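Student: Structure incoming, see below.
Numbering (the working numbering), first residue to last: 324 to 404.
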């Protein structure tokens with residue numbers, strides 16, 4: 324679990340470059356909702372703070388192509404390339 328204050332701090336400071344490895348449930352295809360960013364919207368996902376774990380850090384950023392400048396988009400690329 325993470326506090327709203329801690330979440331907002333991480334989002335403000337690292338949001339364009341960091342993320343959590345959490346996704347919406349899949350539809351018909353395994354990667355069907357991988358690019359759906361509503362999971363990080365506290366109004367649409369009020370349980371978000373309960374499922375995020377700020378104690379684990381994984382570094383794996385590789386900008387080998389143009390990316391969207393959206394908070395928490397890392398690990399959530401909807402393109403299949």
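The C-beta atom is built at its ideal place from N, Cα and C for all residues, glycine as well. In this text, all values refer to a predicted model and were calculated from it rather than measured experimentally.
Hey, quick one: how far does the alpha helix (DSSP H) through residue 328 stretch, first residue to last?
Tutor: On the chain shown, position 5 is the one that residue 328 refers to. 327-337 is the extent of the alpha helix (DSSP H) around residue 328.
Student: Cα separation between residue 337 and residue 330?
Tutor: Stepping through the chain shown from its first residue, residue 337 is reached at position 14. Stepping through the chain shown from its first residue, residue 330 is reached at position 7. Each residue's alpha carbon lies about 10 Å from the other.
Student: Rounded to whole angstroms, what is the Cα-Cα separation between residue 324 and residue 366?
Tutor: Here residue 324 corresponds to residue number 1 of the chain shown, with the count starting at 1. Here residue 366 corresponds to residue number 43 of the chain shown, with the count starting at 1. Approximately 17 Å, taken between the alpha carbons.
Student: Sorted by chain position, which residues of the same chain lie with C-beta nearer than 8 Å to residue 347's C-beta, five sequence neighbours on each side aside?
Tutor: If you number the chain shown from 1, residue 347 lands on position 24. So the list reads 356, 359, 361, 362, once near-sequence residues are dropped.
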